[in-house]
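Student:
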Amino acid sequence: MSKRIAAVVLPTAIAYAVYRIHTLNQQYPLAPPSQAQRLPAVLPAQPRKYGDEVDYIYARIPIGREVDDPLKTYLAAFYSTWTLRVEGLLTRLTGCAPDIPSDGPPFVNGLFPVHSYSTSSVIVEWRTPEAVLGSFRKRGSTVIGGGLQELSAVVREKEMEIGFACAQWVEGEGHIGSTQMALHRFYMRFLLESARRRLERQLR
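Counting from 1, position 89 in the sequence shown corresponds to residue 89 in UniProt numbering; the numbering is continuous, with no gaps.
1. Leaving aside the five residues before and after Tyr74 along the sequence, list all residues of the same chain whose C-beta is less than 6 Å from its C-beta, in chain order.
2. If you count every other CB in all the chains shown that lies within 10 Å of the CB of Pro126, and 16 or more means buried, which is it?
3. List in chain order: all unbroken beta strand (DSSP E) runs of 3+ residues lying wholly within the stretch 80 to 153.
4. Pull up the distance between the alpha-carbon of Phe164 and that of Tyr187, whole angstroms please.
5. Just how far apart, CA to CA, sit Leu111 and Tyr56?
6. Specify the secondary structure class of Ala182 as computed by DSSP and reduced to three states.
7. Mind checking who Pro62 pairs with in its DSSP beta bridge?
8. Following the continuous alpha helix (DSSP H) through Pro70, name the residue where it begins and the one where it ends.
9. Just the Cα atoms here: how many angstroms apart are Thr128 and Gly172?
10. When DSSP labels each residue in this structure, what does Ala17 get in the three-state scheme?
11. Ala195 by DSSP, collapsed to three states: which one?
12. Quick one: Cα of Ser178 to Cα of Thr91, how far?
13. Is DSSP giving Tyr28 helix, strand or coil here?
14. State yes or no: is the C-beta of Thr119 within less than 8 Å of the C-beta of Leu151?
15. Less than 8 Å between the C-beta atoms of residue 208 and Val108, yes or no?
16. Please name the residue or residues paired with Val170 in a DSSP beta bridge.
17. Using the Cα positions of Ile131 and Cys96, report the straight-line distance between them to the nearest angstrom.
18. Would you tell me roughly how many angstroms separate the C-alpha atoms of Trp82 and Val155, rounded to the nearest one?
19. Quick check: what's the CA-CA separation for Ser80 versus Gln202?
20. Name, in chain order, the residues that DSSP records as bridge partners for Tyr56.
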């Protein structure tokens with residue numbers, strides 16, 4: 001009986017995951033540089049180790065009322081996503097927050113130290129846990145070791161535009177594999193979509 005259930009559930013779960021990835025890819029294509037440059041600064045002073053490429057996605061949300069602090073509102077919605085709350089809980093329980101200076105209170109129990117903060121955007125840093133990096137090192141594999149993220153929010157007329165940019169650095173020799181990069185970008189899109197849905201409910 002359990003094998004029959006697995007035979008039904010597993011293909012269904014895989015099909016849904018593929019559908020979800022495809023849907024989010026279509027909904028949030030990576031914005032071209034010229035488009036990103038007209039928005040709040042996207043990682044304007046990223047350290048050299050993060051490379052030249054910046055993944056950037058954004059969404060526009062119709063608003064039915066005045067938003068006093070767009071960035072603060074966006075940050076609250078973004079960091080309320082359940083996956084980030086789980087990451088924050090694990091960080092607090094294990095005490096494995098990155099030892100990085102923070103320009104202001106870090107987010108999610110210290111998981112995201114702040115690099116810089118302005119009225120329209122905040123840049124934070126994140127790092128892959130050392131235990132995960134260690135397992136990749138033993139295999140001689142390349143992995144995303146960490147990166148900078150920028151969350152931005154502005155209000156234009158009757159819309160609030162939220163952006164999410166990420167520049168990552170590589171741990172190990174070589175380039176990040178296409179599967180690993182695709183999963184990383186899927187998670188970016190999932191986080192932005194979750195924040196967008198939450199904000200749409202709040203700002204009607």
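Cβ atoms here follow ideal geometry from the backbone N, Cα and C, with glycine treated the same way.
Tutor: Short version:
1. So the qualifying residues of the chain are Ala153, Ile162.
2. The identity of residue 126 in the sequence shown is Trp, whereas the question assumes Pro. Around the beta-carbon of Trp126, 16 or more other beta-carbon atoms lie within 10 Å, marking it buried.
3. Considered as a whole, the stretch 80 to 153 harbours 114 to 117, 121 to 127 as its complete beta strand (DSSP E) runs of no fewer than 3 residues, in chain order.
4. Going from the Cα of Phe164 to the Cα of Tyr187 covers about 11 Å.
5. Note on geometry: alpha-carbon atoms of Leu111 and Tyr56 lie some 21 Å from one another.
6. In the displayed model, Ala182 falls within a helix according to three-state DSSP.
7. For Pro62, which the question treats as bridged, DSSP gives the partners Glu159.
8. Unbroken alpha helix (DSSP H) run through Pro70: 70 to 78.
9. Rounded to whole angstroms, Thr128 to Gly172 spans 13 Å at the Cα level.
10. Looking at Ala17 - three-state DSSP - the assignment turns out to be helix.
11. Of the three classes helix, strand and coil, the one that applies to Ala195 here is helix, per DSSP.
12. Going from the Cα of Ser178 to the Cα of Thr91 covers about 28 Å.
13. The answer is coil: DSSP assigns Tyr28 none of H, G, I, E or B.
14. No Cβ-Cβ contact shorter than 8 Å links Thr119 with Leu151.
15. Residue 208 cannot be examined here, being either before or after the span of the chain that is shown, 1 to 204.
16. Val170 is bridged to Ile144.
17. Correcting the residue type first, residue 131 is Ala in the shown sequence and not Ile. Going from the Cα of Ala131 to the Cα of Cys96 covers about 10 Å.
18. Annotation: Trp82 to Val155 spans about 26 Å, alpha carbon to alpha carbon.
19. The straight-line gap separating the alpha-carbon atoms of Ser80 and Gln202 is approximately 13 Å.
20. According to DSSP, residue pairing for Tyr56 in a beta bridge involves Ala165.
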